[in-house]
Structure formats: C-alpha cells, structure tokens
Amino acid sequence: MSVVELRLDAVRAVLGGARVTEVAAQAGVSRQSVHTWVARYLLEGVSGLADRSHRPPGCKHQTPGSVEVRVAEMRREHPRWGAKRIRMELLRAPGPWSSEGSSEGVVVPSTATINRILRRKDLVTPRPRKRPRDSYVRFERPGPMQLWGIDIVGGIALVDEVTGVVREAKIVTGVDDHSRYCVMAAVVDRATGRAVCLAFAQALG
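Numbering (our numbering), first residue to last: 1 to 205.
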C-alpha cells in the first residue's frame with residue numbers, strides 16, 4: 001500500500017468511530033499525525049494526505065536576485081575587482097542600498113556572500129591549493145664541501161670604545177649543503193662585498 005492509502009485507512013477508521021490512540025498505534029505514528037490527516041482529508045480530500053514539502057517558502061537572509069546580477073555585472077566590468085572592492089563600490093553607489101542591520105533599502109551583502117555569488121556564476125578562478133610540506137623533496141649535493149649556502153643576518157650591536165656610537169654589525173654564516181654543518185661564521189662591521197669575500201676566504205683557509 002502507498003503512504004496515501006495507509007493514511008486514508010487511518011482516517012476512515014477514525015471517522016468510523018475508532019479511537020485515535022489505537023489508530024495511531026497501529027499506524028506507528030503519533031496521535032497528532034492522525035489528527036492532522038483527518039483535518040487535511042476533511043478540507044482537501046484524498047489529495048490532502050500526500051506528503052508535503054517542509055521547505056520554508058522563503059528565506060529573509062537570501063540575497064535578492066537583483067543584487068546577484070549587479071555583483072556579476074561589476075565583476076565582468078572590472079575583472080580585477082575582488083569581493084571587498086565590489087562591496088565597497090556597492091556601498092558607495094547611489095541606489096536602494098543600506099548597511100547591514102538597517103531596515104531600509106536592500107542590504108549590501110557581506111564579502112563572504114559576494115565571494116559565494118562569484119563562485120556560483122563561475123566568475124572566480126580558484127586558487128591552487130598549497131602543496132603540503134612533506135611533498136617537497138630537498139635536493140642536496142652528494143658529498144660535503146661541494147656547495148655552501150651563505151647568509152647574512154643582523155642584530156649584533158657594537159659600541160665604538162672611542163665615540164660611544166652604537167652600530168649594528170652583521171654576521172656572515174655558511175652552511176655545507178650536504179652535511180648541514182656550519183662551516184663559517186664571521187662578524188663584519190658592514191656587509192660589503194669585500195668584507196663577505198674576506199670572511200669566505202678566511203673560512204676556506
């Protein structure tokens with residue numbers, strides 16, 4: 001039997017004098033459901049016993065179609081505009097716009113809503129996902145003393161004993177690519193090409 005036929009039997013039983021509690025127990029539903037079936041049957045006939053959609057007729061938070069069209073038009077006119085810029089221009093533009101929380105006019109959608117609109121209309125090129133760190137393979141020299149990686153960092157304060165002037169010194173470091181051993185570390189007053197080359201030569205010697 002179909003769902004409508006089962007409900008019709010229950011309604012006929014109630015209208016025939018059966019107790020709602022017993023009919024509900026036999027049908028495996030609540031008494032409220034049986035009362036609802038009877039009321040629908042009396043108002044609409046057999047068609048009232050069919051399943052009905054529980055979807056609400058509308059959503060007050062749903063973005064109006066006119067707003068979605070305007071967002072899409074602005075994106076096509078200015079392909080480089082993102083959701084933040086589009087929202088800012090909507091707030092600036094004359095029209096029935098209002099800020100969020102206002103009861104007057106059409107509410108300008110949030111940045112997240114504008115992003116969703118652009119994605120639905122295929123107006124956004126998805127960014128490639130970042131590769132996980134474990135997917136990167138580090139290439140290194142097969143043996144030591146084949147390649148050094150040199151770096152220059154600051155943060156060391158030096159005080160001139162005569163003038164008392166404080167200067168920031170630089171540290172020149174070198175790491176062997178294969179062994180990852182620190183092969184050089186020198187403090188230089190200024191990281192000029194001459195100073196770095198001298199520190200490098202000293203480390204080789």
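By construction, the Cβ of each residue, glycine as well, lies at the ideal position given by its N, Cα and C atoms. This one's a predicted model, so the numbers in the text were calculated from it and none came from an experiment.
Limits of the unbroken alpha helix (DSSP H) element including residue i
i: Ala-72; result: 65 to 77
i: Lys-84; result: 83 to 92
i: Arg-12; result: 3 to 15
i: Gly-149; result: Looking at the DSSP string, Gly-149 is not in any alpha helix (DSSP H); the run it does join, the beta strand (DSSP E), is 148 to 159.
i: Gly-193; result: 193 to 204
i: Glu-168; result: Segment 166 to 176 is the beta strand (DSSP E) holding Glu-168; no alpha helix (DSSP H) there.
i: Ala-25; result: 20 to 27
Under 8 Å between C-beta atoms of residue i and residue j
i: Arg-87; j: Ile-114; result: yes
i: Gly-149; j: Val-172; result: no
i: Asp-219; j: Arg-141; result: Because residue 219 is not part of the residues shown, which for the chain are 1 to 205, the question remains open.
i: Val-69; j: Leu-90; result: no
i: Thr-111; j: Lys-84; result: yes
i: Arg-12; j: Thr-21; result: no
i: Ala-72; j: Lys-130; result: no
Boundaries of the beta strand (DSSP E) in which residue i is found, first to last residue
i: Thr-111; result: Element bounds for Thr-111: not the beta strand (DSSP E) but the alpha helix (DSSP H), 111 to 120.
i: Val-46; result: Where Val-46 is concerned, there is no enclosing beta strand (DSSP E), given that its DSSP letter is neither H nor E.
i: Ala-50; result: Per DSSP, Ala-50 belongs to no beta strand (DSSP E) and is neither H nor E.
Top-ranked residue by Cα proximity to residue i, from the options
i: Gln-202; options: Arg-131, Asp-9, Pro-144, Val-183; result: Val-183
i: Val-3; options: Gly-28, Val-188, Gly-193, Asp-51; result: Asp-51
i: Ile-156; options: Val-188, Gly-45, Leu-8, Gly-143; result: Val-188
i: Gly-28; options: Arg-7, Tyr-41, Ser-47; result: Arg-7
i: Gly-154; options: Ala-186, Arg-131, Tyr-136, Leu-147; result: Ala-186
i: Ile-152; options: Ala-195, Arg-31, Gly-48; result: Ala-195
i: Met-145; options: Leu-204, Arg-116, Thr-21, Arg-12; result: Leu-204
i: Arg-116; options: Arg-75, Gly-45, Leu-42, Thr-163; result: Arg-75
i: Leu-49; options: Ala-25, Val-165, Glu-5; result: Glu-5
Neighbourhood of residue i by C-beta, 6 Å cutoff - its chain only, sequence neighbours within 5 removed
i: Val-124; result: Leu-118
i: Leu-15; result: none
i: Leu-217; result: Only positions 1 to 205 of the chain appear in this structure, which leaves residue 217 out of reach.
Nonlocal neighbours in the same chain, by C-beta distance under 7 Å from residue i, ignoring five residues either side
i: Ala-10; result: Val-23, Ala-27, Val-34, Trp-37
i: Glu-77; result: none
Same chain, Cβ closer than 8 Å to residue i, neighbours up to 5 away in sequence not counted
i: Tyr-181; result: Pro-144, Val-175
i: Ser-179; result: Pro-144
i: Glu-100; result: Low local confidence applies: a pLDDT of 48 at Glu-100 is under 50, so the model's placement there is unreliable, with the coordinate-based value given in what follows. Counting only Cβ-Cβ distances below 8 Å, and skipping sequence neighbours, we find Val-107, Val-108, Ser-110.
i: Ser-102; result: In this prediction, Ser-102 has a pLDDT of 42, which is less than 50 and means its spatial position is unreliable; what the coordinates show is noted afterwards. Nothing listed; no residue qualifies.
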